[in-house]
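Just so we're aligned: the sequence shown equals residues 80 to 219 in the working numbering.
In what follows, a single structure is set out as structure tokens and then discussed.
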Amino acid sequence: MYVLFGENVIHNDEMKEIIESKTDFKVIKDMTKGTKREDVHAFCLSVKISILNEIIEEEYDDFNLSEMEEDDVFDEYLSLAEEMALDMEEFIPEEAIIDAKAYKWDQSDKDIKVIVIIGNDQLEERKLRDIMKRLLTQAE
80 MYVLFGENVI
90 HNDEMKEIIE
100 SKTDFKVIKD
110 MTKGTKREDV
120 HAFCLSVKIS
130 ILNEIIEEEY
140 DDFNLSEMEE
150 DDVFDEYLSL
160 AEEMALDMEE
170 FIPEEAIIDA
180 KAYKWDQSDK
190 DIKVIVIIGN
200 DQLEERKLRD
210 IMKRLLTQAE
């Protein structure tokens, strides 16, 4: 599906390629059709725990994951994954808005799952939140 961002028209396959080539995320599933809208792209992404650990070690000198409670580690992973997803704003068209929600720590795959929505800047943020709620119920 094609979405108009200002004067740029981007297909969801192109957006998927941008995400996978310029970020540490892997696209698990294209959820664009599940939005039931023609002005957004939506994807389920994953990022490896090992990548998150590297970032935490690099950015936080006094941060020791092994000394933390599992719930605190989980919260840290989700926060970092969401932050990384929102940083994709650098690679998407200027006329786009983005929302991301990390929702699952898949310990068997050793990754964090994130849903990201990239919409036309004409879309209201309230609508973006509504779309996110709907996609979270569809996720796995």
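Glycine included, each C-beta is placed from N, C-alpha and C at the ideal position.
Bounding residues of the beta strand (DSSP E) (the contiguous stretch that carries residue i)
i	result
F122	V119 to K127
I177	A175 to D185
D26	The structure shown does not extend to residue 26, since the chain spans only 80 to 219, so no value can be given for it.
I89	N87 to H90
8 Å Cβ cutoff met for residue i and residue j
i	j	result
I177	I196	yes
I194	L214	yes
G85	E174	yes
I130	D103	yes
D188	S125	yes
M167	I98	yes
Residue span of the alpha helix (DSSP H) that contains residue i, given as start and end
i	result
D200	Run containing D200: none; DSSP gives neither H nor E here.
A164	E149 to L165
Classification of residue i by the beta-carbon crowding that lies within 10 angstroms, buried from 16 upward
i	result
I139	Sequence check: residue 139 is Tyr here, not Ile. It is exposed - the Cβ of Y139 has fewer than 16 other Cβ atoms within 10 Å.
M147	exposed
H232	The requested residue 232 does not occur in the structure, where the chain is confined to residues 80 to 219.
K180	buried
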